[in-house]
Ligand SMILES: Cc1ncc(COP(=O)(O)O)c(C=O)c1O
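In UniProt numbering, the protein residues as written are 1 to 376.
Structure (structure tokens):
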């Protein structure tokens, strides 16, 4: 049997990882400024994480949501504490798309409305509703097309007000920083405006925090910079440091009912152990502060490069916009300097490293970057 060939892959076989370093099958060391797409939050093979998963596996790997799973409550309590959203309720699932799918569905259950506001260049996942609110027609199959989604220009308050004219909006879904869309930071006053129009019409504010959340920007949710509370936050990626786990946290005003949401694998014992280990390390090692500090350092240094058109982002979610003639930089960073980065079209280098990236590793990246793009 062959694999279904959907990924344009690099010919590199990574077999080992420690912190922000990974190694291929020939022993070549790479600096991971990409974190496997924002997933590696506390570093590869973090010892506390490995031990917690190992211990749990020896006890019990899985049992279904038909029994008590105290680890879920433990994870909810820890997540409430670290995120500062202690009165929210947690529903666990397995991925970012699934988290958004549940958030959008729950919003509609809550207010009985159907229309959803989403934004140009957004990415929210590939399941049916998540992909319907994603602004990329190439990945929307005919069966996922719907009239229920209204795409608005990023940051356009007048368009937002107009969309709300009919009083039929169930929810607004927005990334605090668009990731796939090229690291675009949502303006604080725009997030505040969304909060106020949602309040007026009992619409649900969904903060997609799958990529920009979980401490990456220096605050737990990047939407926190606007000083507002969303009704639902979706999360995944960094939540399990590689173990598949996602979730939504839900404002106390939205009440649960049996059968409303459900999943076979979501919240299983191993996933909870991974989720707890991640939060314990974030808390103990003060990783949000590190993300803020090393992130600011990188952003300030990157802004000094003559060839860089723009640097966007917050903390360790950084987009470097380059001129067209430097379209080979990512490839050269990877094959000449052995540094993984991400991309956003057309020519943005995306940095999404582990939250415990050291300043020395940031400097190693800056040196390699200078070798490719010229002087600061
Ligand atoms: C903002 C955002 N939302 C949702 C998703 C979907 O997450 P997953 O791939 O875990 O389904 C992603 C994935 O890149 C994302 O960046």
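Where a beta carbon is used, it is the ideal one built from N, C-alpha and C, also for glycine.
Kindly list the residues whose CB is nearer than 6 angstroms to the CB of residue i, restricted to its own chain and excluding five residues on each side of it in sequence; keep chain order.
i           : result
residue 266 : 92, 93, 94
residue 76  : 90
residue 120 : 135, 151, 153, 154
residue 252 : 87
Quick one: give me the first and last residue of the beta strand (DSSP E) that residue i is part of.
i           : result
residue 117 : 115 to 119
residue 246 : 246 to 250
residue 253 : Where residue 253 is concerned, there is no enclosing beta strand (DSSP E), given that its DSSP letter is neither H nor E.
residue 41  : Segment: none, residue 41 is in no beta strand (DSSP E) and carries neither H nor E.
residue 17  : 14 to 18
residue 21  : 21 to 24
residue 150 : 149 to 152
What residues in its chain sit with their C-beta under 7 angstroms from that of residue i, if we drop five residues either side in the sequence?
i           : result
residue 361 : 20, 31
residue 205 : 172, 194, 195, 198, 230, 231
residue 330 : 341, 343, 349
residue 56  : 269, 270, 273
residue 306 : 374, 375
residue 164 : 197, 201
If you measure from the CB of residue i, is any heavy atom of ligand 2 nearer than 6 angstroms?
i          : result
residue 91 : Annotation note on ligand 2: not contained in the displayed structure, which lists ligand 1 as its ligands.
Tell whether a beta-carbon distance below 7 angstroms holds between residue i and residue j.
i           : j           : result
residue 173 : residue 97  : no
residue 190 : residue 155 : yes
residue 249 : residue 110 : no
residue 234 : residue 221 : no
residue 115 : residue 169 : yes
residue 175 : residue 198 : no
residue 131 : residue 148 : no
residue 182 : residue 319 : yes
residue 352 : residue 35  : yes
residue 317 : residue 228 : no
residue 308 : residue 299 : no
residue 49  : residue 241 : yes
residue 274 : residue 225 : no
residue 258 : residue 239 : no
residue 82  : residue 283 : yes
residue 359 : residue 294 : yes
residue 365 : residue 33  : yes
residue 223 : residue 207 : yes
residue 291 : residue 315 : yes
residue 99  : residue 313 : no
residue 157 : residue 129 : no
Tell me whether residue i sits in a helix, a strand or coil according to DSSP, three-state version.
i           : result
residue 177 : strand
residue 317 : strand
residue 304 : coil
residue 208 : strand
residue 172 : strand
residue 60  : coil
residue 3   : coil
residue 260 : coil
residue 133 : coil
residue 235 : strand
residue 104 : helix
residue 67  : coil
residue 352 : coil
residue 140 : coil
residue 376 : coil
residue 49  : helix
residue 357 : coil
residue 32  : strand
residue 339 : strand
residue 216 : coil
residue 161 : helix
residue 145 : coil
residue 126 : coil
Could you tell me the boundaries of the alpha helix (DSSP H) in which residue i lies?
i           : result
residue 89  : Careful: residue 89 lies outside any alpha helix (DSSP H), inside the beta strand (DSSP E) at 89 to 93.
residue 329 : 329 to 335
residue 343 : Run containing residue 343: none in the alpha helix (DSSP H); it sits in the beta strand (DSSP E), 342 to 344.
residue 325 : No alpha helix (DSSP H) holds residue 325; DSSP gives it neither H nor E.
residue 197 : 188 to 201
residue 86  : Element bounds for residue 86: n/a, residue is neither H nor E.
residue 283 : 269 to 284
If you drop the 5 nearest sequence neighbours on each side, which residues of the same chain put their C-beta closer than 8 angstroms to that of residue i?
i           : result
residue 262 : 65
residue 61  : 268, 269, 270
residue 23  : 14, 15, 16, 17, 29, 30
residue 260 : 106, 109
residue 126 : 97, 134, 139
residue 279 : 75, 78, 79, 82
residue 322 : 307, 308, 309, 329, 347, 348, 349, 373
residue 192 : 226, 227, 228
Quick one, what's near ligand 1 if you take every residue whose CB is closer than 6 angstroms to any heavy atom, in chain order?
Cβ atoms closer than 6 angstroms to ligand 1 belong to 95, 96, 97, 100, 123, 124, 125, 175, 179, 180, 208, 210, 211, 236.
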